[in-house]
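Structure first, then comments.
There are 4 protein chains.
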Amino acid sequence: MIIILKPKTERKVIDELIVKIKDTGVQVHESKGENYYVLGLVGDTSRLTPEQFEGYDCVERSMRVQHPFKLASKLFHPEDTVINIEGVKIGGGNAAIIAGPCSIESEEQLLTIAKSVKESGANILRGGAYKPRSSPYSFQGMEIEGLKLLKKAKELTGLLTITEAICLDSIEHVAEYTDLIQIGARNMQNFALLKKAGKLNKPVVLKRGLSATMEEWLMAAEYIMSEGNSQVILCERGIRTFETYTRNTLDISAVPMIKEISHLPIIVDPSHAAGKWSMVEPLSKAAMAVGADGIMVEVHHQPENALSDGAQSLKPEKFKKLMENLAKMGL
Amino acid sequence: MIIILKPKTERKVIDELIVKIKDTGVQVHESKGENYYVLGLVGDTSRLTPEQFEGYDCVERSMRVQHPFKLASKLFHPEDTVINIEGVKIGGGNAAIIAGPCSIESEEQLLTIAKSVKESGANILRGGAYKPRSSPYSFQGMEIEGLKLLKKAKELTGLLTITEAICLDSIEHVAEYTDLIQIGARNMQNFALLKKAGKLNKPVVLKRGLSATMEEWLMAAEYIMSEGNSQVILCERGIRTFETYTRNTLDISAVPMIKEISHLPIIVDPSHAAGKWSMVEPLSKAAMAVGADGIMVEVHHQPENALSDGAQSLKPEKFKKLMENLAKMGL
Amino acid sequence: MIIILKPKTERKVIDELIVKIKDTGVQVHESKGENYYVLGLVGDTSRLTPEQFEGYDCVERSMRVQHPFKLASKLFHPEDTVINIEGVKIGGGNAAIIAGPCSIESEEQLLTIAKSVKESGANILRGGAYKPRSSPYSFQGMEIEGLKLLKKAKELTGLLTITEAICLDSIEHVAEYTDLIQIGARNMQNFALLKKAGKLNKPVVLKRGLSATMEEWLMAAEYIMSEGNSQVILCERGIRTFETYTRNTLDISAVPMIKEISHLPIIVDPSHAAGKWSMVEPLSKAAMAVGADGIMVEVHHQPENALSDGAQSLKPEKFKKLMENLAKMGL
Amino acid sequence: MIIILKPKTERKVIDELIVKIKDTGVQVHESKGENYYVLGLVGDTSRLTPEQFEGYDCVERSMRVQHPFKLASKLFHPEDTVINIEGVKIGGGNAAIIAGPCSIESEEQLLTIAKSVKESGANILRGGAYKPRSSPYSFQGMEIEGLKLLKKAKELTGLLTITEAICLDSIEHVAEYTDLIQIGARNMQNFALLKKAGKLNKPVVLKRGLSATMEEWLMAAEYIMSEGNSQVILCERGIRTFETYTRNTLDISAVPMIKEISHLPIIVDPSHAAGKWSMVEPLSKAAMAVGADGIMVEVHHQPENALSDGAQSLKPEKFKKLMENLAKMGL
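Chains as they are written, first to last, in this note's numbering: chain A, 1 to 331; chain B, 332 to 662; chain C, 663 to 993; chain D, 994 to 1324.
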């Protein structure tokens, strides 16, 4: 960490600050510039924050040299993590193809879609049982009944299953019935939920928050990992920007950027990013071409009747076509 | 709600869509433009979302005419809500002056600060017992011990108290020990927590999410209100933008904008908005001048030793000066 | 265009407004909702803006139904535009591969890079002669001497050439010496420059502004086209967001979105988007996979000595590899 | 400037980099951390950019310690700049009250408004003669005829005058007819225009770009100042964010932040920030309370007939009321 002192800070004040810094267990290197005096902190600074030094009157600014995440960092874990769930591998060149409806609505709906996406080449079935809806007046999900249908769909098709856990109460049920746990964008900094996920022995798909920086996202992964669960898969699903023609802005650069600094697998959700089904195929191609470890796609056989997010759902035949086109590109 | 159809949609398709729309219980007005055909939905559209109609192939776009919130809307509740807590009123010209440390660190720390802010004119004491920290390696709060100290501080000073609830487990404890419950920015769309807060009989200060639109913020208030708790106070604390010189961007316009569309009180947190103590006084003046129903200010007697957010904490004497200066301006 | 009136507006006031609207030459459809009264404007509304009606006390909000651009719109020009420059086609499945240094620094530098990118498969040479630098103390470009070097490079390699015009003074020189004119992100709403570009008979590559919506971008294209020059190529180069790990956020969704609403070719500049050379190859693959009509890539044989933007420049051998890898994917 | 090297960089490579850095005329301090090697550059680094060092393979990141602006910096010019135009002072506690129509539409319109705002206490008259409109189909301004009307209004009322210059062609006319030159948000990085403004002997009001950081804004001021014109007044007019209920987001924190790092006066334009007349009074109060050196307000006697931006224009009687209310608060 680097601490920049205000111009003309007295030596006495600098010395007092250095004593305080050393009390935290790190060493201090001093460097005098033309107008600014700079302190470099050497040692394990992961417990320190730049903000805590900015409380001193003599400090102008403070900034990190090293990323604040450790378990998620490529620096200390250079090989890509590969997660293996009953033989399905994710990461290190192995792609997760997650497909299914936004919400589970009925047995017939889920099984119809499950069979279809299985045939087209998906290896994981998604389907929301608990729905975090921005309006209290919208459909909130089938809850435990939905989880049971996911289990049934797995028995029928052999697909792995994933669904979102939205609170401390539901996450244990999710872990009981499905193969992967999803933490949604709105809960990316629900630290109580992250800690709980870290104590469960199930892979976690961690969606990026709507306005989360990549650093915050990796720190959220760090929360899960620091509790003992290292099976974290990141999922880019679009960030919030000023643009309104698309629902969110897919940050495709996050894939190669994350791969430079972290060993965790990263997949892309083109459906939520765009909010429009017509853009799901091109964005899926972009995701696989840029090097993502998979995609998560909403598929619905009757999107116009979907209880949520019909606008962004592919029909099964369009999903089939997408899978064929990805294969043609060698993706 | 308005639905814009794609150019050259066939009459048959339009008729089918109209039947589906009417099934939701609303009426449909048709309007033919030069290139576009527009449907207007009349009736209670609060259960509908524009996205659900965008699942139809023939729909180009859909948008709301009426705001999706009802209980929080000024349209149905024109008078400003005034919340009265043991004689302290908030809203309708009555200001909440909330002050105290970011985190509760010790009895001595909390009581020292409590006495001081009481003398300067605060009417509510803040102090974090559960801290939502972006790093798992940072101080996480004194938890239940902190709540007990808040109660003690109230007995000593007569100040009302507020602290943040960060999960389903802690919110009941918070409600038991303090006078107001704070829902933090990172939990603004933690719907399970919002619903629980809606079932408690305590005023809730609902902070705006880092990238929440005002509409989403009012919908989060609606979640609380729809469970029966109408005592919601909104708190603007800065939004996330591209600017890096300040920690967040205080959206001061949110105050007059919210007052045009909602009856709920709205206060401002200048400390988190700027992230720098030197900007707390000017931003507090701006907040009161623009018409806010109060401010929430971090005060610490030893900011350089604070376990969190020292950089943005005012020293007690600076808080005193701020209160005097607000009084001079008649704010 | 739709105009939403405030609840309880008097009939007399509505009638007066309708008279004013009809004076602009459009027809008015009325529609009464439960709480709101809505006016639909029918006819050519491209000269009207929603804002102009919001000046009326009785108007709550106003919004467009039809996109405000006409010449750039797919609605009135359904076939993709293909631009043909001396046999090199751009658009409709034909890709522009634009490569070269950020700034032209010397004859040796430009010719070395030109020969190399030509061999690797580029068809257009880029090189900045006039540099819009955010600091007045940075290198500002070789200006007219740079333009002459571009001409020389074309004679030598047969590559088409492009460079940025930054003001009314320089644009005519640019048009004289090069085959395409680039309008940079910072000048996307320099309307005087756009109009001038519209009067020249040269294709224009119009970069998206740092915070320009797609609508504003297409309106900037409309400025050029409305002066008579229909040869406009859009270039997505990253937008400004809160993320700091990458210089800008490449809005890859802009490619399929623009293709849905406009007939103009659209290319991608991965170099400026990421600001890091290591991300140029994955982002180029993503761009071609998503359906872009080309890429614009910075190439420099000695990036560490580059007078601008060395960090984002590919070395010639890396550019060669990129071109080979794109070919393998059939892109 | 600080340069952070990649972990495990060889000594030989570090030494080569240090030689290159010293060639630019600055000194280098070395500092070895636990995982990272850090170089500190000492001397005049204003001609250097962090990006230029990121072209080296061994460099992980580079960042500034000192702000890149010099002439605009408080570090080298601690006293507030006060600009005096014919006795009207701006800065250092003296407020500019700029009022008038968005566009000049006719003699009668301009003179009516000018007289009225003069009576209410404005000291500078604004009025657009050249309008940068996002649509080529919108009203583009009265141009030279408008400038003549501004001159006439000054003769009649004694008010100083200001109008926007939008290109190299018009800026000299603007300088000839008016007392201050405005550079609009869309031209904040039109460097050719900034340089030209720097050569004129007229105060310049420099609006912040829609997505300009404060650093870029001050660098734009630096462009003007580096050409010899130190009379620059900054104008905050709202930035672009994800929020859509207001047209832009007024960054009120920019006022105290700029005052900490620069000596230039800064004013606020509440009209463009909000885009709604009803919010102009509260935002004006906030601006003056936060410490701005003035406000720029759109006033129109018939906003519903205004050829541009009627929605955000105050009627003369509302502007009068605003001035009275500011006086009551001692602002």
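Yeah, the Cβ is synthetic: ideal placement off N, Cα and C, and Gly gets one too.
Source: prediction; values computed, not measured.
Residue from B:Ala427, B:Gly458 and B:Gly423 whose Cα sits closest to the Cα of Gln440 of chain B:
B:Gly458
For a quick check, are the C-beta atoms of Pro282 of chain A and Pro740 of chain C less than 7 Å apart?
no
Members of the stretch 1202-1215 of chain D near chain C, C-beta cut-off 7 Å:
Those would be Leu1203, Ser1204, Glu1209, Met1212 and Glu1215, in chain order.
For Asp269 of chain A, which of A:Glu260, A:Met219, A:Ser313 and A:Lys259 has the nearest alpha-carbon?
Minimum Cα distance to Asp269 of chain A is reached at A:Ser313.
Contacts of Ile583 of chain B in chain D (Cβ-Cβ under 8 Å):
Leu1243, Ile1245, Leu1276 and Ala1279
Check Gly717 of chain C in the structure and name its three-state DSSP category.
coil
Would you say Gly1048 of chain D lies against chain A (beta-carbon separation less than 7 Å)?
no
Taking 8 Å as the cut-off, does the stretch 39-50 of chain A touch the stretch 1020-1037 of chain D (at least 3 CB pairs, one atom from each stretch)?
yes
Within the continuous beta strand (DSSP E) that includes Ala1119 of chain D, where are the two ends?
The sequence shown places Arg at residue 1119 of chain D, rather than the Ala named in the question. Taken as a continuous stretch (DSSP letters only), the beta strand (DSSP E) holding Arg1119 of chain D covers Ile1117 to Arg1119.
Indicate the three-state DSSP secondary structure (helix, strand or coil) for Thr1154 of chain D in the structure shown.
strand
Does the separation of the CB atoms of Leu234 of chain A and Leu264 of chain A fall below 7 Å?
Contact: yes.
Strictly below 9 Å CB to CB, what residues from chain A border Asp600 of chain B?
The premise fails here: Asp600 of chain B is roughly 16 Å from chain A at the closest Cβ pair, so nothing lies under 9 Å.
Buried or exposed (CB count within 10 angstroms, at least 16 for buried), Lys285 of chain A:
buried
Gly424 of chain B versus Asn636 of chain B - alpha carbon distance
36 Å
Determine the burial state of Lys990 of chain C: buried for a count of at least 16 other Cβ atoms within 10 Å of its Cβ, exposed for fewer.
exposed
Helix, strand or coil for Tyr88 of chain A? Go by DSSP, reduced to three states.
The displayed chain sequence assigns Val, not Tyr, to residue 88 of chain A. Residue state, collapsed to three classes: strand.
Under 7 Å between C-beta atoms of Leu1211 of chain D and Ser1255 of chain D:
yes
Residues of its chain near Glu546 of chain B, where Cβ-Cβ distance is below 8 Å and the 5 sequence neighbours each way are ignored
His398, Pro399 and Phe400
For Phe191 of chain A, is the classification buried or exposed, using 16 other Cβ atoms within 10 angstroms of its Cβ as the cut-off for buried?
By the neighbour-count rule (16 or more Cβ atoms within 10 Å), Phe191 of chain A is buried.
So what's Ile766 of chain C in DSSP terms, helix, strand or just coil?
coil
Looking at the C-beta of Phe853 of chain C, does it have a partner C-beta in chain D at a distance below 7 Å?
yes
Using the Cβ count rule (16 or more neighbours within 10 Å means buried), how would you classify Thr1242 of chain D?
That one is buried.
Beta-carbon gap between Leu1203 of chain D and Ala1178 of chain D smaller than 7 Å:
yes
Please confirm whether Met985 of chain C has its beta-carbon closer than 7 Å to some beta-carbon of chain A.
no
Return the residues of the stretch 808-838 of chain C that lie within a Cβ-Cβ distance of less than 9 Å from chain D, sorted by chain order.
Ile828, Cys829, Leu830, Asp831 and Ser832
Residue environment, Met1056 of chain D, which counts as buried when at least 16 other CB atoms sit within 10 Å
exposed
For the beta strand (DSSP E) that Lys1025 of chain D lies in, which residues bound it at each end?
Looking at the DSSP string, the run of the beta strand (DSSP E) that includes Lys1025 of chain D is Gln1020 to Lys1025.
According to DSSP, which residues form a beta bridge with Arg1006 of chain C?
Chain C is shown only over 663 to 993; residue 1006 of chain C falls outside these bounds and no answer can be derived.
To the nearest angstrom, how far is the alpha carbon of Phe981 of chain C from that of Ile786 of chain C?
14 Å
Kindly indicate the opening and closing residues of the alpha helix (DSSP H) around Tyr388 of chain A.
The question about residue 388 of chain A has no answer here: the residues shown for chain A are numbered 1 through 331.
Distance between Leu1187 of chain D and Val1290 of chain D (C-alpha atoms, nearest Å)
24 Å
Report the CB separation of Gly956 of chain C from Ile752 of chain C in whole angstroms; it is logged as a contact under 8 Å.
6 Å
For Gln1133 of chain D, would you say it is in contact with chain A, using Cβ-to-Cβ distances shorter than 7 Å as the test?
Residue-level contact check: Gln1133 of chain D does not touch chain A, since none of the beta carbons of chain A fall below 7 Å from its beta carbon.
Less than 7 Å between CB atoms is the rule here; does Gln633 of chain B satisfy it with respect to chain C?
no
Should Ala1320 of chain D be flagged as near chain C, meaning a C-beta pair shorter than 7 Å?
no
Among B:Thr544, B:His631 and B:Leu379, the one whose alpha carbon lies nearest that of Thr443 of chain B:
B:His631
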